[in-house]
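Peer 1: Sequential numbering of the sequence shown, starting at 19, is according to the numbering used here.
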Amino acid sequence: MPRKARIKSNSGIYHIIMRGINRQIIFEDDEDCIRFIQTMQRFKEKCEYKIFAYCLMGNHLHLLLQEGKEPLETVMRRICGSYVFWYNRKYGRIGYLFQDRYWSEPVEDNEYLFAAIRYIFRNPIKAGIVTKIQEYKWSNYMDYVNGYNQTEIDFVLNVFDTDREKAIREFIKHINKDDDDKCLVIQKKQRITDEDAKKIIREICKIENATDLQNFDKEKRNLYLKVMRINYGLSIRQIERLTGISRGIIQRI
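1. Give me the Cα-Cα distance between residue 63 and residue 264, rounded to the nearest whole angstrom.
2. What whole-angstrom Cβ distance do residue 68 and residue 170 have, given they're in contact under 8 Å?
3. I think residue 210 touches residue 117, with their Cβ atoms under 8 Å apart; what is that distance to the nearest whole Å?
4. Using CA coordinates, which residue listed in 217, 71, 146, 101 is at the minimum distance from residue 49?
5. May I have a chain-ordered list of the alpha helix (DSSP H) segments no shorter than 4 residues that lie completely inside the region 64-137?
6. Residue 156 to residue 165, Cα distance in whole Å?
7. Are the beta-carbon atoms of residue 34 and residue 104 separated by less than 8 Å?
8. Which residues in the same chain as residue 37 place their Cβ atom closer than 6 Å to its Cβ, once the five residues preceding and following it in sequence are excluded?
9. Taking the straight line between their C-alpha atoms, what separation do you get for residue 239 and residue 212?
10. Does the region 53-62 come close enough to the region 229-239 that 3 or more CB-CB pairs lie under 8 Å?
11. Can you tell me which residues form a DSSP beta bridge with residue 157?
12. Ends of the beta strand (DSSP E) at residue 37?
13. Buried or exposed: which applies to residue 203, given that a residue is buried once 16 or more other Cβ atoms fall within 10 Å of its Cβ?
14. Drop a sphere of 10 angstroms on the beta-carbon of residue 41, count the other beta-carbons inside from all chains shown, and report buried for 16 or more, exposed for fewer.
15. Reducing DSSP to helix, strand and coil, say where residue 42 ends up.
16. Provide the residue span of the alpha helix (DSSP H) that contains residue 245, from first to last.
17. Buried or exposed for residue 139, going by 16 or more other Cβ atoms inside 10 Å?
18. Considering only the alpha carbon of each residue, which of 99, 175, 85 lies closest to residue 128?
Below you can see the structure in the form of structure tokens.
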């Protein structure tokens, strides 16, 4: 069955989500995150794209990107191909790292631009990783706050206001406002097998067996349980079955 063609953006701006194959971790440590960011920066001159926002999230990532002289498909192929080659060599693995097809949605007006950038930067909060956006170091939120990378942030800030100080204040207020933005409708996820779920639990918690999570202190345990539910899509029943932690505890988190 042929794939549905991507919707082209008249503005050239897209909200993009990429996930690890079978929900695999694609950023194991700080070095991996740094390498991916460097890879994006390295291809900017060749492809002439602009990255307005990014957020790297363990087993997936978000981008708000504007095409330059090369189409989106070429840009993503360059970035991902380079990173996967480096990642596989580092971890002694072969084969695919990302899901076979990334999701993209065109950004055609200011309303969706505002919604997309807020959705991207608030992702770590919704996943329960941090309580304040500025605490998460693998996004470019602080570039806007501190005025770094002028060519990247000017476009978005100028939409808020042409006065730079006022624009930054309005930007911070907008991003930190609670929201229920629903960006990028993603296809219904396939059920995660117990084998894949056990692998996810072992990788994110850095443990040998899923039941070892019972030995964590309450705060750390609850954080991991929330990440499993929100960020990885494991069901309450599945987490209960594999970790031995009661359903009541998982439901209350």
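Note that the Cβ used here is the ideal one computed from N, Cα and C, for glycine as well.
Peer 2: On the basis of the data shown:
1. Taking the sequence shown and counting its residues from 1, one reaches residue 63 at position 45. Taking the sequence shown and counting its residues from 1, one reaches residue 264 at position 246. The alpha-carbon atoms of residue 63 and residue 264 are separated by roughly 52 Å.
2. Residue numbering aside, residue 68 sits at position 50 when the sequence shown is read from its first letter. Residue numbering aside, residue 170 sits at position 152 when the sequence shown is read from its first letter. Contact flag correct, Cβ pair sits at about 6 Å.
3. As a first step, residue 210 is located in the sequence shown; it is residue number 192 there, counting from the start. As a first step, residue 117 is located in the sequence shown; it is residue number 99 there, counting from the start. Contact doesn't hold; Cβ gap of about 13 Å is too wide.
4. Residue numbering aside, residue 49 sits at position 31 when the sequence shown is read from its first letter. If you compare the alpha carbons of 217, 71, 146, 101 with that of residue 49, the shortest gap goes to 101.
5. 90-109
6. Within the sequence shown, residue 156 is the residue found at index 138, counting from 1. Within the sequence shown, residue 165 is the residue found at index 147, counting from 1. The alpha-carbon atoms of residue 156 and residue 165 are separated by roughly 17 Å.
7. Sequence index remark: in the sequence shown, residue 34 carries index 16 (1-based). Sequence index remark: in the sequence shown, residue 104 carries index 86 (1-based). No.
8. Counted from its first residue, the sequence shown places residue 37 at position 19. Only 78, 117 meet the Cβ criterion.
9. Here residue 239 corresponds to residue number 221 of the sequence shown, with the count starting at 1. Here residue 212 corresponds to residue number 194 of the sequence shown, with the count starting at 1. When rounded, the distance between both Cα atoms is 20 Å.
10. no
11. Along the sequence shown, read from residue 1 onward, the residue named residue 157 stands at position 139. In DSSP, residue 157 forms a bridge with 73.
12. Walking along the sequence shown from the start, residue 37 turns up at place 19. It spans 31-37 - the beta strand (DSSP E) in which residue 37 sits, taken as one unbroken run.
13. Counting from one through the sequence shown, the residue named residue 203 turns up at place 185. In this predicted model, residue 203 has a pLDDT of only 44, less than 50, meaning its place in the structure is not dependable; the value taken from the coordinates is given anyway. Residue 203 should be labelled exposed.
14. On the sequence shown, position 23 is the one that residue 41 refers to. Classification of residue 41: buried, given that the 10 Å Cβ count is 16 or more.
15. Numbered from 1 along the sequence shown, position 24 holds the residue referred to as residue 42. Note: residue 42 maps to coil in three-state DSSP.
16. Within the sequence shown, numbered from 1, the residue matching residue 245 stands at position 227. Unbroken alpha helix (DSSP H) run through residue 245: 236-248.
17. Residue numbering aside, residue 139 sits at position 121 when the sequence shown is read from its first letter. Buried, because 16 or more other Cβ atoms sit within 10 Å of the Cβ of residue 139.
18. By one-based count along the sequence shown, residue 128 stands at place 110. Considering only alpha carbons, the answer is 175.
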